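*Asks:*
In our numbering, the protein residues as written are -9 to 58.
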């Protein structure tokens, strides 16, 4: 499971790097092809712990982008 979370974190990082705007969990799921929103959230936790993300808003409407 840790390998899957790490792989998904990489997919999310690349999707956010290529995006011109912050994305929601749902938009990230669509952009990356990750199967479930829970899997997206696990990977976001990985990236957030590394200090790579910023969040605008709260809960399911939060917009996520990379720290620049």
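Here a beta-carbon is modelled for each residue, glycine too, at the ideal position from N, C-alpha and C. It should be emphasised that the depicted structure is a prediction, and the values quoted were computed from it without experimental measurement.
DSSP has residue 26 in a bridge; who is on the other side?
*Replies:* Residue pairing for residue 26: DSSP places it in no beta bridge.
*Asks:* Starting from residue 44, trace the alpha helix (DSSP H) in both directions and tell me its first and last residue.
*Replies:* From DSSP, residue 44 is part of no alpha helix (DSSP H) but of the beta strand (DSSP E) over 43 to 46.
*Asks:* Would you kindly work out how many angstroms separate the C-alpha atoms of residue 24 and residue -8, rounded to a whole number?
*Replies:* If you take the alpha carbons of residue 24 and residue -8, they lie about 15 angstroms apart.
*Asks:* Within the continuous alpha helix (DSSP H) that includes residue 1, where are the two ends?
*Replies:* -8 to 8
*Asks:* Can you list, in chain order, the residues of its chain with a C-beta nearer than 8 angstroms to that of residue 30? Leave out the 5 residues immediately preceding and following it.
*Replies:* Same-chain partners within the cutoff: -2, 2, 15, 18, 19, 22, 24.
*Asks:* So the beta strand (DSSP E) residue 56 belongs to, where does it begin and stop?
*Replies:* 53 to 56
*Asks:* If distances are taken between C-alpha atoms only, which option among 32, 53, 33, 57 comes closest to residue 41?
*Replies:* 57
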